[in-house]
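*Asks:* Here's a structure for you.
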Amino acid sequence: MSMDRVERANHILDRLAMNGEVSVNVLSEELGVSPVTIRSTLKGLEEDGYLVRTHGGARPTAYRNIHLRQSDRVEEKERIAAAAAALVRDDDRIMIEAGTTCAMMVRYLFGRRGVQIVTNSVLVFANARNNPQLSITLTGGQFRPESESLVGPVAERSINAFNARIAFLGTDGFTIDRGLTTQLVEGGQVGSLMRARAEETWLLADSSKYGRSGFVSYMDIGEVTGIITDDALTAESVKELEEHTQLRVV
Numbered sequence: 291m292s293m294d295r296v297e298r299a300n301h302i303l304d305r306l307a308m309n310g311e312v313s314v315n316v317l318s319e320e321l322g323v324s325p326v327t328i329r330s331t332l333k334g335l336e337e338d339g340y341l342v343r344t345h346g347g348a349r350p351t352a353y354r355n356i357h358l359r360q361s362d363r364v365e366e367k368e369r370i371a372a373a374a375a376a377l378v379r380d381d382d383r384i385m386i387e388a389g390t391t392c393a394m395m396v397r398y399l400f401g402r403r404g405v406q407i408v409t410n411s412v413l414v415f416a417n418a419r420n421n422p423q424l425s426i427t428l429t430g431g432q433f434r435p436e437s438e439s440l441v442g443p444v445a446e447r448s449i450n451a452f453n454a455r456i457a458f459l460g461t462d463g464f465t466i467d468r469g470l471t472t473q474l475v476e477g478g479q480v481g482s483l484m485r486a487r488a489e490e491t492w493l494l495a496d497s498s499k500y501g502r503s504g505f506v507s508y509m510d511i512g513e514v515t516g517i518i519t520d521d522a523l524t525a526e527s528v529k530e531l532e533e534h535t536q537l538r539v540v
């Protein structure tokens, strides 16, 4: 892939993130190349799993592979993860949903003692298993490789058997009007159940997620105890969110 092609691909992915869909003709005008060239770039991105081509354009895939997403906004996610871990006490009971920031959080639990974790995330398990002070329960369920998560009826029954002080959730995007959203219906069900079984619910989401919506809305902003995010939010966005829930900016 030449550098020009890489730049085109990045431009297209940026447009998808902002607009939710792209047009071949609009991209052709923006980038100053032929529609044939745009279609070729879209074909390559579809083969790599980044998008799905449509008549005259493209839309995002239902998800990006979680291993690719782990490299996005790492510094911001690490700050959010550390702030979330600071909420956890010795001998605590917590639930952790699948997600890249949630998976990072357990690395910051070293030094805590006797923490019991219920999670549907294989990544959370991988990051936590070498800490002898963490007691980890994997929910079981149907494995989703794109999110490294366990979902479905078995996972849901498992979650319903436990009680927690805090549930930590991730999201594919959140807005005031649509609340917390995800691309997978089953993922939304897991998040809703974790909230129902916990005394507090905290959303861990970097600022790029605000204003974006996934396929499924599964929780209102006001239903979470608070949101931990990074300091790239605009002052207007901070004010909007603080009208609905607690906000911790790190």
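Numbering-wise, the sequence shown is residues 291 to 540 according to our numbering. For glycine and all other residues, C-beta sits at the position ideal for the given N, C-alpha and C. Being a predicted model, the structure only gives us computed values, none of them experimental.
Opposite MET385 in the DSSP bridges: which residues?
*Replies:* Partner(s): VAL408, ALA457.
*Asks:* Less than 8 Å between CB atoms is the rule here; does ALA445 satisfy it with respect to chain B?
*Replies:* In the structure shown, chain B does not exist; there is a single protein chain.
*Asks:* Looking only at DSSP bridge pairs, what is MET509 linked to?
*Replies:* Note: MET509 sits in a beta bridge opposite LEU470.
*Asks:* Please say whether ILE328 and ILE518 have beta carbons closer to each other than 8 Å?
*Replies:* No.
*Asks:* With which residues is GLU490 paired in a DSSP beta bridge?
*Replies:* For GLU490, which the question treats as bridged, DSSP gives the partners ILE456.
*Asks:* Please report how far the alpha carbon of GLN432 lies from the alpha carbon of ASN420, in whole angstroms.
*Replies:* About 24 Å.
*Asks:* Which residue wins for smallest C-alpha separation from GLU336, given the options THR471, LEU317, ALA372, ALA299?
*Replies:* Nearest option by C-alpha distance: ALA299.
*Asks:* Under a three-way DSSP split, which group does ALA373 fall into?
*Replies:* Reduced to three states, the DSSP call for ALA373 is helix.
*Asks:* THR491: buried (16+ other C-beta within 10 angstroms of its C-beta) or exposed?
*Replies:* So THR491 ends up on the buried side.
*Asks:* Could you tell me the alpha carbon to alpha carbon distance between PHE452 and SER503, rounded to whole angstroms?
*Replies:* Each residue's alpha carbon lies about 30 Å from the other.
*Asks:* So the candidates are ALA393, TYR398, PHE400, GLY401; which of them puts its Cα closest to the Cα of VAL408?
*Replies:* Nearest C-alpha to VAL408: ALA393.
*Asks:* Throw me the rounded Cβ distance for the GLU513 and ARG485 pair, which I believe falls under 8 Å.
*Replies:* Correct: roughly 7 Å between the Cβ atoms.
*Asks:* Note down the Cα distance separating VAL539 from GLY463, rounded to an integer number of angstroms.
*Replies:* Those two C-alpha atoms are separated by around 17 Å.
*Asks:* Tell me which residue opens and which closes the alpha helix (DSSP H) that ARG379 is part of.
*Replies:* Premise fails: ARG379 is in no alpha helix (DSSP H) and is neither H nor E.
*Asks:* Are the CB atoms of GLY442 and GLU387 within a distance shorter than 8 Å?
*Replies:* The answer is no: Cβ separation not under 8 Å.
*Asks:* Can you give me the C-alpha to C-alpha distance between SER292 and PRO350, rounded to a whole angstrom?
*Replies:* Confidence at SER292 is low in this model, with a pLDDT of 45, below 50, so the placement of that residue should be treated as unreliable; the coordinate-derived value is given next. So the two alpha carbons sit approximately 23 Å from each other.
*Asks:* Per DSSP, ARG295 forms a beta bridge with which residues?
*Replies:* The partner list for ARG295 (beta bridge, DSSP) is empty, contrary to what the question assumes.
*Asks:* Going by Cα to Cα distance, which pick from LEU493, GLN423, GLY501, TYR508 is closest to GLN536?
*Replies:* Here the closest residue by C-alpha is LEU493.
*Asks:* Taking 8 Å as the threshold (C-beta atoms), are GLY481 and LEU470 in contact?
*Replies:* Yes, these two residues count as a Cβ contact at 8 Å.
*Asks:* Return yes when the Cβ of GLU366 is within less than 8 Å of the Cβ of ASP520, no when it is not.
*Replies:* For ASP520 and GLU366, yes; Cβs fall inside 8 Å.
*Asks:* Report the three-state DSSP secondary structure of ALA348 (helix, strand or coil).
*Replies:* In the structure shown, ALA348 sits in a strand (DSSP, three-state: E or B).
*Asks:* With distances taken between CB atoms, is the gap from ALA372 to TYR398 smaller than 8 Å?
*Replies:* Contact: yes.
*Asks:* By DSSP, does GLN432 sit in helix, in strand, or in coil?
*Replies:* DSSP places GLN432 in strand when its eight states are reduced to three.
*Asks:* Under 8 Å by Cβ, that's how I've got VAL396 and ALA376 pegged, so tell me the actual separation to the nearest angstrom.
*Replies:* That pair is no contact at about 13 Å.
*Asks:* Residues in the same chain with beta-carbon distance under 6 Å from LEU531, minus the five sequence neighbours each way, listed in chain order, please.
*Replies:* Answer for LEU531: LEU537, listed in chain order.
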